[in-house]
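Chains as they are written, first to last, in this note's numbering: chain A, 51 to 361; chain B, 51 to 361; chain C, 2 to 349; chain D, 2 to 349.
Cβ atoms here follow ideal geometry from the backbone N, Cα and C, with glycine treated the same way.
Keep in mind the model is a prediction, meaning the values are calculated, not measured.
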Amino acid sequence: MNISNEKLLRMYRQMVTTRKLYDTLYELYSRGSSMGNFVAGEGEEAIPVAICANLRRDDAYKPNFRQTSCLFAKEGYELADIFSGSLFDAERGYLGFSLALGEDVGVYTGFALAAQMRRTDQVCVCTFGEGTASKGSIHEAMVIAAAWKLPIVFVLQNNQYCGGTRFSKVYDFEDLSDRARGYGIPGRSVDGNDVIATHEVVREFVDRARRGDGPGLIVAETYRLSPYFERSPGERVIEQYRPEGELEEARKNDPIPRYRRTLTEMGLLTDEDVERIEEEVDKEIARAMSDGRQRPRVDYEQYVQYAVAEL
Amino acid sequence: MNISNEKLLRMYRQMVTTRKLYDTLYELYSRGSSMGNFVAGEGEEAIPVAICANLRRDDAYKPNFRQTSCLFAKEGYELADIFSGSLFDAERGYLGFSLALGEDVGVYTGFALAAQMRRTDQVCVCTFGEGTASKGSIHEAMVIAAAWKLPIVFVLQNNQYCGGTRFSKVYDFEDLSDRARGYGIPGRSVDGNDVIATHEVVREFVDRARRGDGPGLIVAETYRLSPYFERSPGERVIEQYRPEGELEEARKNDPIPRYRRTLTEMGLLTDEDVERIEEEVDKEIARAMSDGRQRPRVDYEQYVQYAVAEL
Amino acid sequence: MAEKVEAQVTMLDCGAAINAAFREEMRRDERVVMWGEDVITMESPTAGADLCTRGLFEEFGGDRIRDTPVVEAAIIETAIGAGLAGLRPIAHVMSGGFQMGCFDPIFARLGTAYQEWKHPGTLPVVVMASVLGGAAKGADHALSPESLFMHSPGLKVVMPSTAYDTKGLLKTAIRDDFPVMFYTHREVMIREEKEPIPDDEYLIPFGQADVKRTGADATIVTYSGMVLRALAAAEELAEDGIGAEVVDLRTLVPMDVDTIVESARKTGRLLIVHEAMKRAGAAGEIAMRVTEAAPDVVMALKTPIRRLAAANVALPTSLRIERRLVPQVADIVAATRDMVEGSNTGNG
Amino acid sequence: MAEKVEAQVTMLDCGAAINAAFREEMRRDERVVMWGEDVITMESPTAGADLCTRGLFEEFGGDRIRDTPVVEAAIIETAIGAGLAGLRPIAHVMSGGFQMGCFDPIFARLGTAYQEWKHPGTLPVVVMASVLGGAAKGADHALSPESLFMHSPGLKVVMPSTAYDTKGLLKTAIRDDFPVMFYTHREVMIREEKEPIPDDEYLIPFGQADVKRTGADATIVTYSGMVLRALAAAEELAEDGIGAEVVDLRTLVPMDVDTIVESARKTGRLLIVHEAMKRAGAAGEIAMRVTEAAPDVVMALKTPIRRLAAANVALPTSLRIERRLVPQVADIVAATRDMVEGSNTGNG
Ligand SMILES: Cc1ncc(C[n+]2csc(CCOP(=O)(O)OP(=O)(O)O)c2C)c(N)n1
Ligand SMILES: Cc1ncc(C[n+]2csc(CCOP(=O)(O)OP(=O)(O)O)c2C)c(N)n1
Ligand SMILES: [Mg+2]
Ligand SMILES: [Mg+2]
């Protein structure tokens with residue numbers, strides 16, 4: 051591994067920030083934010099952070115829908131953007147996502163196609179869940195990415211659950227990354243709760259894509275600590291589908307404390323640092339929230355300008 | 051191999067019949083049959099014949115759209131049916147096909163699901179081309195077939211061409227049957243121009259499915275001697291997309307002469323037999339045509355009865 | 002007497018009514034089976050969906066009710082195959098918006114191909130989904146897709162607005178030998194007040210609209226969640242002495258044109274209201290059907306047929322904006338009043 | 002003079018006109034790119050499609066024009082991504098029927114999502130397909146899907162009926178900064194007689210209908226392949242002294258309602274004709290738009306608005322049956338005559 055200590059610590063701070071953001075955003079949602087169902091992705095923070103650490107401002111990145119708020123960690127974005135309504139910005143490589151799962155993967159593949167046609171060295175990383183991986187449109191996107199050797203890295207984020215359905219109950223696989231062979235592209239599985247290991251694999255695949263050697267599939271194994279979604283403010287979903295004790299077991303593998311231990315062992319982090327970072331991040335989020343929410347939002351008049359003909 | 055001589059010879063006759071049927075049906079088409087574009091599948095006859103030889107009357111089978119006329123070889127069907135307008139009959143395991151390629155694979159998967167739910171030991175074999183294999187709905191069908199261990203055998207018929215696009219120009223694969231691993235099901239490639247080898251692999255996969263051990267994927271390698279389609283009666287499509295001499299090379303591997311040599315070497319077929327079979331088949335087809343075309347066809351009044359509400 | 006009635010009905014909400022319909026039909030006919038995402042684990046985001054399927058797995062087991070992966074196309078296509086093979090599948094797709102991702106299977110396979118194949122037999126498939134409007138869930142969740150599927154030759158389209166109608170129509174749908182699209186609506190599913198549902202079995206035939214409120218001055222034709230808003234509007238209008246008759250179509254295919262015509266003949270005014278986007282929405286079809294069935298009535302209307310529907314722009318994830326794009330009670334009141342008193346420009 | 006004209010125009014069929022439009026726009030703007038199945042190898046079954054793209058690969062190379070595998074969803078979705086990234090893609094899907102298999106990408110991504118995302122920039126994507134009606138190719142090939150996509154908030158819908166209009170509208174479509182659905186029609190593509198196409202560049206703006214024939218007694222509003230049949234019908238009607246005015250909408254979104262209104266005001270009769278299935282087809286939308294724009298004109302019509310469209314049943318693979326299901330010249334003649342002379346029951 052060659053990652054600078056500074057970068058190692060930045061990733062830690064970003065993971066902590068991502069975790070805390072979930073609470074802040076849930077707060078806002080409970081106070082009547084207007085964002086449909088609220089979803090969180092606690093326990094999966096290592097993956098988006100490891101990905102962002104390998105991307106340039108002009109690269110494209112689609113986090114899984116639970117990790118959209120992690121975009122602040124991508125070069126070009128800042129915390130305040132998360133609270134500002136719309137993150138959409140092709141210049142900074144975020145093309146939105148599809149609430150109808152899977153339909154956005156082909157869109158990001160199109161970004162990679164544009165990069166190839168224009169002969170830039172931009173790369174695209176596109177994440178989706180193991181449940182969404184079953185959608186047909188993703189198959190088509192991977193077929194065309196492989197056929198044209200597009201600069202895109204697909205990251206299948208296996209958090210073991212699709213809604214209330216446990217992955218292992220539905221599929222029996224030795225190695226999900228074998229799916230890559232069906233497209234004639236390289237595949238690799240990695241412990242998605244190990245931010246350093248994930249960072250290294252993402253770097254390898256992103257570098258290959260940037261060199262023009264085509265797409266790849268990374269399967270990042272993790273666990274969804276958050277519920278499927280918050281049905282409505284306050285009322286948490288009853289999660290009778292998780293086996294006794296499974297959640298507790300999984301918490302022991304929470305990527306944040308785990309990474310904290312690693313950094314402490316490496317002598318890069320003291321208990322004081324940990325406390326300080328918590329406090330600083332709280333302040334940053336508070337500031338970002340007030341900044342971001344002050345930015346002008348799209349109002350009715352602007353919104354209806356999107357109509358292509360008579361309203 | 052243990053296939054009775056009788057069966058070996060029957061398969062030969064069925065391959066010859068299939069080949070001759072293409073000419074007969076094209077004749078009808080040229081004289082103004084109303085069947086949209088005419089498609090033939092010369093050079094691919096070994097595959098449907100080998101499949102039919104392993105199926106029961108109540109098993110389901112979707113030939114590739116170029117091989118629909120080969121249904122006569124499936125138990126329960128006869129030559130005359132091919133000329134009778136509609137072959138559709140769930141009892142005999144033919145549920146039609148989709149002119150929008152790929153959308154029928156999930157339908158046949160549903161037949162296998164019904165068999166499993168009803169605890170019958172029926173099996174379904176569903177064929178599609180290597181071009182169609184890229185369609186998303188096929189991915190979804192294979193996902194659910196694998197997840198539920200359904201009694202279905204997917205046969206990917208790789209005739210090297212999708213329209214004017216050569217497979218090897220688009221994909222680079224060691225072995226296309228690796229795609230099966232992406233679903234955690236067994237996969238196998240076979241020389242689809244070798245009817246005996248194909249018969250054996252199909253038997254193995256069909257038996258497994260019938261035992262309740264779940265689906266599999268067979269990749270049958272072959273070559274499309276026929277054009278993409280006949281644009282309109284008489285006017286053949288110019289096929290400038292085939293490399294010089296490729297077609298001629300491929301003809302040397304035509305499954306019918308090839309099988310004829312095998313049977314001759316096995317001492318099961320003499321030149322006299324060959325001539326006799328040709329003559330008999332011609333007569334059979336002629337008889338089947340007049341029988342089949344005498345059967346009543348759906349007329350306007352019957353057709354509009356399908357309307358669910360006011361016409 | 003009151004006692005007697007009590008003995009014959011049970012107060013149920015829509016989810017419980019659906020659950021009862023499923024249970025009765027699955028008991029009655031073992032060929033009735035169902036699958037979809039999380040129909041067993043009941044984590045579906047479809048409002049109230051958990052109630053709909055609760056306890057069915059325990060009673061009928063894993064052969065007849067199954068959870069699927071996220072494969073909407075396969076959910077529909079396997080239902081078609083199983084239906085052709087003799088089962089009577091109920092295929093669950095969580096929301097009307099997600100049906101865009103399995104459109105060919107619904108529109109072209111289920112609704113078209115079996116006619117084209119001249120399939121001699123039956124194809125008893127029910128596709129169930131929820132329209133999740135009114136909560137700024139965005140187009141993918143909140144789309145009301147009825148006009149799209151009305152255009153498919155082989156699909157019946159059912160969109161009830163009460164628990165009572167939902168149960169009776171769902172049982173009819175499950176017994177229908179051909180494809181039925183069945184839509185619940187979030188605002189119907191989450192209603193507080195329960196409805197009296199007869200304990201004895203009842204079925205409601207397709208193609209019979211229900212006059213949910215009578216009135217002399219204007220006819221409001223609508224269906225699904227918008228019936229609730231139309232009734233609230235009629236309430237308000239009544240205070241101003243305007244009598245609005247609310248016709249709940251209940252099924253769009255087949256459509257009960259006669260009931261609309263009779264009402265329009267009486268009131269002389271026809272307002273068509275739906276939640277879906279206006280352009281190429283169902284209102285145009287309803288208006289043409291009325292015109293074709295009773296040109297004399299249409300020519301005699303006091304004011305031209307008018308429609309009220311969502312603006313021609315994507316459903317937003319902002320409640321503030323959604324409320325201005327999708328017809329609200331106040332909009333229905335204003336449009337009706339305008340037709341009765343107003344300028345009669347007919348610009349809906 | 003004749004010479005002068007000769008010097009200014011070239012006789013082209015529709016395929017060649019499309020080819021010229023592609024060539025001119027790809028030369029003009031290097032961001033214009035295209036992909037689809039067999040657009041290079043030209044084996045597409047789309048009538049005349051081989052002419053459309055002939056020579057483009059040789060001139061513009063493999064970065065700008067590509068053959069794809071059979072992945073309709075990916076064809077559209079990659080066009081969206083490339084469009085958001087600054088290219089101007091033309092995405093080819095062979096037939097309108099095959100667009101059912103990539104419906105979410107077209108309807109919900111291309112036509113809806115970018116509005117929902119509040120995407121500040123442009124999304125210059127043209128989706129091209131051919132409607133293959135009139136040859137009993139069955140629903141999957143022959144479907145005319147315009148009403149489905151008119152219901153998507155962000156899609157313009159273009160359906161020309163002549164080589165001249167096709168070239169001018171296609172160039173406008175390629176320069177449009179937002180999504181355009183562009184449909185050619187088999188019967189227009191295979192026409193024998195060539196049309197004089199100006200050598201100088203010309204563009205035809207969207208939202209301008211074209212009166213293809215004037216007449217005093219009845220207005221026939223239609224588009225795409227049906228314009229040819231409407232003109233043939235008008236020819237026949239003229240022999241009986243009935244003047245039919247044929248309004249070719251050319252674009253359905255945006256729709257030129259004014260031209261329809263003016264014609265209907267003049268003739269007092271309005272017949273809407275389309276090839277697509279009647280139920281929830283575009284005719285209902287056209288009728289409502291006219292009613293909303295000019296209620297006075299509609300109230301003053303000599304006979305109610307009538308529509309003529311395909312029967313509500315799947316398109317067959319039998320020409321014999323298709324001819325009875327889809328409006329033919331004789332049907333248009335009969336309907337028009339009935340409106341002018343006849344019972345005026347308005348039952349279309
Ligand atoms: C096309 C579509 N089908 C169903 C849903 C409902 N849905 C929302 S989240 C979810 C689970 C997806 O599982 P996975 O892809 O593993 O992502 P995770 O929730 O684990 O992050 C489902 C089924 C949807 N949003 N879109
Ligand atoms: C959804 C869809 N897209 C495109 C077509 C047009 N088309 C007809 S045949 C064909 C080639 C299919 O190739 P393959 O699956 O390999 O089958 P083969 O022709 O080789 O038998 C195509 C693209 C279609 N019928 N359906
Ligand atoms: Mg998951
Ligand atoms: Mg092929």
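Around the C-beta of B/Q64, are 16 or more other C-beta atoms found within 10 angstroms, so that it is buried, or is it exposed?
buried
Taking only heavy atoms of ligand 4 into account, decide whether any of them is closer than 7 Å to the Cβ of B/G179.
yes
Tell me which same chain residues have a C-beta within less than 6 Å of the C-beta of D/V132, skipping the five on either side of it?
A distance below 6 Å between beta-carbons, with the five flanking residues on each side excluded, links D/V132 to the following residues of its chain, in chain order: G97, S145, Y184, H186.
Start and end of the alpha helix (DSSP H) containing C/M350?
Lying outside 2 to 349, the shown extent of chain C, residue 350 of chain C is not represented and no answer is given.
Which residue comes first and which comes last in the beta strand (DSSP E) that contains C/K303?
First-last for C/K303: undefined, no H or E at that position.
Coil, strand or helix - A/P98 by DSSP:
helix
Inter-residue Cα distance where the pair is C/V254 and D/G216:
Cα to Cα, C/V254 sits roughly 37 Å from D/G216.
I need the boundaries of the beta strand (DSSP E) containing D/M101, first residue and last residue.
No beta strand (DSSP E) contains D/M101, which DSSP labels as neither H nor E.
Does the beta carbon of A/Q221 come closer than 8 Å to any beta carbon on chain B?
In the sequence on display, residue 221 of chain A carries Tyr and not Gln. Closer than 8 Å: yes.
Is C/D68 buried or exposed, if buried means 16 or more other CB atoms sit within 10 Å of its CB?
buried
Below 7 Å on C-beta distance, what does D/R325 contact in chain B?
Y350
Measure from the C-beta of A/S184 to each C-beta in chain B and report whether the shortest distance is under 8 Å.
So yes, A/S184 belongs to the interface.
CB of B/C212 to nearest heavy atom of ligand 4: below 7 Å?
In terms of side-chain proximity, the C-beta atom of B/C212 is found nearer than 7 Å to a non-hydrogen atom of ligand 4.
If you draw a straight line from the C-alpha of B/A123 to the C-alpha of B/K57, how long is it?
12 Å
Please name the residue in D/D30, D/E38, D/A75, D/G87 whose C-alpha comes closest to that of D/F61.
D/D30
I want to verify the contact list: residues of chain C whose CB lies under 8 Å from the CB of D/T318, in sequence order.
Within chain C, the residues whose beta carbon sits less than 8 Å from that of D/T318 are E117, listed in sequence order.
Using 8 Å as the Cβ pair cut-off and three pairs as the minimum, do the stretch 218-234 of chain B and the stretch 210-220 of chain A touch?
no
Secondary structure at D/T292, three-state DSSP: helix, strand or coil?
helix
Residues of the stretch 127-146 of chain D whose Cβ lies closer than 9 Å to any Cβ of chain B, in chain order:
Going along the stretch 127-146 of chain D in chain order, one finds L133, A136, A137, K138, G139, A140, D141, H142, A143 with a Cβ nearer than 9 Å to chain B.
Going by DSSP, name the residue or residues bridged to A/S239.
A/V269
Ordered along the chain, which non-local residues of its own chain (more than five positions away) have a Cβ less than 6 Å from that of D/P46?
Low confidence applies here, because D/P46 scores a pLDDT of 42, under 50, leaving its location unreliable; read the following figure in that light. None.
Which of the three DSSP states is assigned to D/G347 in this structure?
The pLDDT assigned to D/G347 is 42, lower than 50, so where the model puts this residue is not dependable; a value taken from the coordinates is nonetheless given after this. Looking at D/G347 - three-state DSSP - the assignment turns out to be coil, as it is neither helix nor strand.
Report the three-state DSSP secondary structure of B/R347 (helix, strand or coil).
coil
For C/G122, return the contacting residues in chain B, with the cut-off set at a CB-CB distance below 7 Å.
Under the 7 Å cutoff, chain B gives A140.
Could you tell me whether the Cβ atoms of D/L149 and C/L149 are closer together than 8 Å?
yes
If you reduce the DSSP assignment to three classes, tell me which class D/H1 lands in.
Summary: the structure shown does not reach residue 1 of chain D, with chain D confined to residues 2 through 349, and so no result is reported for it.
Against chain F, with Cβ distances strictly below 8 Å, would B/C176 count as a contact?
Absent from the structure is chain F; the protein chains it does hold are A, B, C and D.
Nonlocal neighbours in the same chain, by C-beta distance under 6 Å from C/S264, ignoring five residues either side
T220, E246, V248
Which residues in the same chain as B/V89 place their Cβ atom closer than 6 Å to its Cβ, once the five residues preceding and following it in sequence are excluded?
R116, F279
Integer Cβ distance of D/A284 from C/M289, believed to fall under 8 Å
6 Å
So, are the CB atoms of D/L271 and D/A336 less than 8 Å apart?
No. Outside cutoff.
Just how far apart, CA to CA, sit A/R81 and B/G237?
53 Å
To which residues does DSSP link B/C111 through a beta bridge?
Cys is not the amino acid found at residue 111 of chain B; the sequence shown has Tyr there. For B/Y111, which the question treats as bridged, DSSP gives the partners B/V175.
Between A/S134 and the rest of its own chain, which residues show a CB-CB distance below 6 Å, the 5 nearest in sequence each way excluded?
G342, R345
In the DSSP assignment, what are the bridge partners of D/W36?
D/R67, D/A92
Confirm the yes/no value for this check: CB of B/N52, any heavy atom of ligand 4, distance under 7 Å.
No, ligand 4 has no heavy atom inside 7 Å of this Cβ.
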